[in-house]
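I have placed the structure first, in the form of structure tokens, so that the comments after it can refer back to it.
Residue numbers (the numbering used here): 288 to 482.
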């Protein structure tokens, strides 16, 4: 299935063709619009000439940071995300023999998959869970117990990037996230002690 998260034909093709690009796009998806985060790997490919994890890991950190921070940058924090992408590439090289897809293709259970994802630079609990849901929903990667570890993100609906397949679903996910933020903000205000 073709990935359609970046909402740009070229960037989405890069995500579809390169497991490392998809992983890197997920890593970039924080404090930045998701479609722009997932377009980041295509910018790296265009400017660096490769998405080979070994080449990225071995790149000069300053030069790599420069190309990632050049407008339009891969992220609002282009330089720090460049360093994190190089860390991610090193893990893929050292632990998965340069093949990012082995993170999920070799996982025999949902629990193992999420544990592997959480061990990656830039992946916390929520991001690992969402990426596991994305793999299941969009790439049919469904190791034993995947529905348990993905929770609500694995269910039908429009909760996260795992559910983005076109402009309409992107808008619905954005609406869901904004409503969740407003609900959390309102709950936080109710807990504040009165002056």
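The C-beta atom is built at its ideal place from N, Cα and C for all residues, glycine as well.
- For residue 355, the uninterrupted alpha helix (DSSP H) run begins and ends at 348-356, by DSSP.
- Take the alpha-carbon of residue 435 and the one of residue 448: they are about 18 Å apart.
- With 16 or more other Cβ atoms inside 10 Å of its own Cβ, residue 340 counts as buried.
- Comparing alpha carbon positions, the residue from 407, 456 and 473 closest to residue 310 is 407.
- Listed in chain order, the non-local C-beta contacts of residue 418 below 6 Å within the same chain comprise 313 and 404, local neighbours out to five positions each way being set aside.
- The distance from the Cβ of residue 298 to that of residue 329 is about 4 Å, consistent with a contact at the 8 Å cut-off.
- Taking C-beta separations shorter than 7 Å and ignoring five residues to either side along the sequence, the partners of residue 391 in its chain run 400, 422 and 428, following chain order.
- Annotation: residue 415 to residue 315 spans about 13 Å, alpha carbon to alpha carbon.
- Short of 7 Å from the beta carbon of residue 371, and not among the five residues preceding or following it, lie these beta carbons of its own chain, in chain order: 314, 408 and 409.
- At a Cβ-Cβ threshold of 8 Å, residue 385 and residue 368 do not count as neighbours.
- DSSP places residue 397 inside the alpha helix (DSSP H), whose first and last residues are 397-405.
- In this structure, the CA atom of residue 397 is about 14 Å from the CA atom of residue 426.
- Boundaries of the alpha helix (DSSP H) around residue 413: 412-426.
- When the Cα atoms are used, residue 338 and residue 288 turn out to be separated by approximately 20 Å.
- By the C-beta density criterion, residue 438 is exposed, having fewer than 16 other C-beta atoms within 10 angstroms.
- The bridge partners DSSP lists for residue 431 are 396.
- Scanning 290, 464, 376 and 308 for the CA closest to the CA of residue 444 turns up 464.
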